Amino acid sequence: MNTLSPESGDMKSALRDILSRSVISLTRIGKGRNSQVFHVVTDDQREYAVKSYFDSAIDQVERMGLEFDALKFLSANNVSYAPCPIAIDHKKNIAIYEYIDGDEIDGDSVTEPDIAALVGFLVDLKRLVKADWPGTFPPAREASFSLYSLLGSIERRIKRLQAVPESGEIYESMRTFLSVDLTPSFKDFASWSLSEAKTFGMDASADLPDTHRTYSPSDVGFHNAIRKKNGEIVFLDFEYFGWDDPSKTVSDILLHPNMALSQQMKNCFYNRVIESFASDKTLGARVRMVYSLYGIKWCAILLNEFLPDNMERRLFAARSQRTVENILLIQLGKSRAMLDKIRREFKESVIFG
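Each residue of the sequence shown is one higher than the one before, starting from 1 at the first, in UniProt numbering.
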């Protein structure tokens with residue numbers, strides 16, 4: 001893992017070489033799970049956001065380069081909802097971005113104008129599918145362009161968790177949860193979704209046409225956003241940027257455990273995004289089919305810390321001193337809560353809008 005230590009002075013030295021300015025302040029900010037982010041002030045009072053990336057052997061994408069290129073792409077196409085990229089050092093695993101001065105956004109504080117900004121950002125991303133760019137972007141992280149592809153990705157996640165070799169009470173609790181609760185619910189939801197696909201005349205094995213695909217940061221939402229002093233919203237975290245099915249983006253925003261939107265704001269978002277993507281006639285039906293499945297996937301994602309490499313990444317980015325067992329207990333509780341929510345909504349046939 002090739003990362004710089006801010007405590008040793010290596011970070012300041014590297015930034016001085018890149019920026020040709022001395023760093024007078026280096027302060028840890030943010031709460032990312034894959035990276036460390038710092039607010040940097042130089043001797044001429046310029047401010048920057050500096051990101052130090054966790055370097056993992058299991059990463060199948062070069063997250064730093066992808067994020068930097070994605071933000072160059074957005075900046076070149078006048079997308080104002082994202083920070084501008086400034087400089088990158090591949091050897092030192094750091095990138096420098098525009099510093100956004102503002103506040104984090106709580107789910108309870110989200111307003112209709114905020115929802116309008118989020119949908120505006122998604123519309124901008126859809127607009128860019130026709131933009132010229134010298135490079136090509138990959139599919140967003142774990143993008144699924146068919147129902148069968150989504151089912152396969154969820155099944156693989158569950159199997160990886162089942163195969164974790166560690167022993168101990170917390171690991172046994174996780175395995176019991178998988179076998180008794182999560183897997184049976186997954187099978188029920190999968191059966192229902194396949195039946196719905198047949199009802200709507202959709203081929204569960206057919207890939208979504210290119211015309212219905214969009215760009216996505218993969219983890220977009222108010223949990224990865226800053227509200228500036230003037231009220232404008234800027235979205236962060238483009239490490240897994242790429243092509244995706246809008247139904248995944250919509251489902252993730254409605255489901256994300258770190259952004260508990262009120263039912264009113266969920267309805268507002270759903271109605272606005274369906275209206276804004278009106279040319280995609282099947283989007284509403286696809287969201288209905290995959291929503292509960294993405295809920296199951298979120299249950300598995302919340303258990304990522306049970307996988308050894310993911311725990312190493314979490315500890316790298318962590319700002320608290322929680323023990324490994326404490327982290328695992330918290331994550332298992334979150335996964336249980338997510339499953340309870342999805343089961344309840346499925347039973348009550350919750351439909352947004």
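Backbone N, C-alpha and C define an ideal beta-carbon position, used for all residues, glycine too.
Please read these numbers as outputs of a predicted model, since none were measured by experiment.
- Query: Roughly how many angstroms lie between the CA atoms of S13 and D132, to the nearest whole one?
  - Reply: Residue numbering aside, residue 13 sits at position 13 when the sequence shown is read from its first letter. Residue numbering aside, residue 132 sits at position 132 when the sequence shown is read from its first letter. Near 37 Å, if we compare the C-alpha coordinates of D132 and S13.
- Compare the beta carbon distance of Y215 and L255 with 7 Å and say whether it is the shorter of the two. Residue 215 sits at position 215 when you count from the first residue of the sequence shown. Residue 255 sits at position 255 when you count from the first residue of the sequence shown. The answer is no: Cβ separation not under 7 Å.
- Local conformation of M1 per DSSP, three classes: Start at 1 with the first residue of the sequence shown, and residue 1 comes out as number 1. Legend: pLDDT at M1 = 49, less than 50; position of this residue unreliable, value from coordinates given subsequently. Three-state DSSP puts M1 in coil, outside helix and strand.
- Item | residue 391 versus R213: straight-line alpha-carbon distance, rounded | Since the first residue of the chain shown is 1 and the last is 353, residue 391 is not available in this structure.
- Query: When you compare each of F235, G231, K229, Y291 to H223 by their alpha carbons, which one comes out closest?
  - Reply: Residue mapping note: residue 223 aligns to position 223 of the sequence shown, counting from 1. Nearest C-alpha to H223: F235.
- Message: Considering just the uninterrupted stretch of the beta strand (DSSP E) at I94, what are its terminal residues?
- Response: Numbered from 1 along the sequence shown, position 94 holds the residue referred to as residue 94. Start and end: 94–98.
- Please go through the same chain and pick out, in chain order, the residues whose beta-carbon is closer than 8 Å to the beta-carbon of F68, but skip the five residues on each side of it. By one-based count along the sequence shown, residue 68 stands at place 68. Same-chain partners within the cutoff: P85, I88, A95.
- So the alpha helix (DSSP H) L236 belongs to, where does it begin and stop? Along the sequence shown, read from residue 1 onward, the residue named residue 236 stands at position 236. It is not in any alpha helix (DSSP H) - L236 carries neither H nor E in the DSSP assignment.
- Paired residues, beta bridge with R28 - DSSP: Residue 28 sits at position 28 when you count from the first residue of the sequence shown. Answer is F38.
- Would you kindly work out how many angstroms separate the C-alpha atoms of I330 and K130, rounded to a whole number? Position 330 of the sequence shown, counting from 1, holds the residue named residue 330. Position 130 of the sequence shown, counting from 1, holds the residue named residue 130. Cα to Cα, the separation comes out at about 43 Å.
- Stretch pair the stretch 103–121 + the stretch 228–242: three plus CB contacts closer than 8 Å: yes
- Which class does R46 belong to by DSSP, given the choice of helix, strand or coil? Against the sequence shown, residue 46 aligns to sequence position 46. Here R46 sits in coil by DSSP.
- Query: Under the rule that 16 or more other beta-carbon atoms within 10 Å means buried, what is F200, buried or exposed?
  - Reply: Start at 1 with the first residue of the sequence shown, and residue 200 comes out as number 200. Counting Cβ neighbours within 10 Å, F200 comes out exposed, since fewer than 16 surround it.
- Figure out for me which residue from F346, T111, G107, P139 has the closest Cα to the Cα of F241. Counting from one through the sequence shown, the residue named residue 241 turns up at place 241. Closest option to F241, Cα to Cα, is P139.
- Query: For E104, which beta-bridge partners are listed by DSSP?
  - Reply: By one-based count along the sequence shown, residue 104 stands at place 104. In the DSSP output, where bridge partners are listed per residue, E104 has I226.
- Own chain residues within Cβ distance below 8 Å of I158, not counting five before or after: Translated into positions along the sequence shown, residue 158 becomes position 158. Only L178, L182, T183, F186, A300 meet the Cβ criterion.
- Query: Just reading off the alpha helix (DSSP H) that P85 is part of, what are its end residues?
  - Reply: For the purposes of this step, residue 85 is taken as residue 85 along the sequence shown, with counting starting at 1. From DSSP, P85 is part of no alpha helix (DSSP H) but of the beta strand (DSSP E) over 85–89.
- Task: With a threshold of 16 other CB atoms inside 10 Å of the CB of D108, please say whether the residue is buried or exposed.
- Result: Looking up residue 108 in the sequence shown gives position 108. Label assigned to D108: exposed.
- Item | Under the three-state DSSP convention, the category Y270 falls into | Residue numbering aside, residue 270 sits at position 270 when the sequence shown is read from its first letter. DSSP places Y270 in helix when its eight states are reduced to three.
- Excluding the five sequence neighbours on either side, which residues of its own chain have a C-beta within less than 8 Å of the C-beta of I100, listed in chain order? For the purposes of this step, residue 100 is identified with residue 100 of the sequence shown, where counting begins at 1. Here the set comprises A49, P83, I226, K228, V234, L236.
- Going by the beta-carbon positions, is the gap between R28 and S22 smaller than 7 Å? Sequence index remark: in the sequence shown, residue 28 carries index 28 (1-based). Sequence index remark: in the sequence shown, residue 22 carries index 22 (1-based). Contact: no.
- Measuring CB to CB, does S193 end up less than 7 Å from M289? As a first step, residue 193 must be located in the sequence shown, where it is residue number 193. As a first step, residue 289 must be located in the sequence shown, where it is residue number 289. Cβ atoms of S193 and M289: closer than 7 Å.
- Message: Quick check on D132: does DSSP put it in helix, strand or coil?
- Response: Within the sequence shown, residue 132 is the residue found at index 132, counting from 1. D132 falls in the coil class under three-state DSSP.
- Rounded straight-line distance, which links the Cα of F189 to that of M174: Reading the sequence shown from its first residue, position 174 is the one you call residue 174. Reading the sequence shown from its first residue, position 189 is the one you call residue 189. Those two C-alpha atoms are separated by around 21 Å.
- Kindly indicate the opening and closing residues of the alpha helix (DSSP H) around D252. Mapped onto the sequence shown, residue 252 falls at position 252. Per DSSP, D252 belongs to the alpha helix (DSSP H) from 246–255.
- Name the one or two DSSP bridge partners that K51 has. Position 51 of the sequence shown, counting from 1, holds the residue named residue 51. K51 pairs with V37, A95.
- Message: Quick check: what's the CA-CA separation for A76 versus T136?
- Response: Indexing the sequence shown from 1 puts residue 76 at position 76. Indexing the sequence shown from 1 puts residue 136 at position 136. Answer to the nearest angstrom: the Cα atoms are 15 Å apart.
- Message: Please identify the residue among E348, L283, S349, V37 whose C-alpha is closest to the C-alpha of S251.
- Response: Counting from one through the sequence shown, the residue named residue 251 turns up at place 251. If we check each option's Cα against that of S251, L283 comes out closest.
- Query: What's the gap between the Cα of Y171 and the Cα of P308?
  - Reply: Mapped onto the sequence shown, residue 171 falls at position 171. Mapped onto the sequence shown, residue 308 falls at position 308. If I take the Cα positions, the gap works out to 12 Å.
- To which residues does DSSP link G242 through a beta bridge? Here residue 242 refers to the residue found at position 242 when the sequence shown is read from its first residue. Answer is S216.
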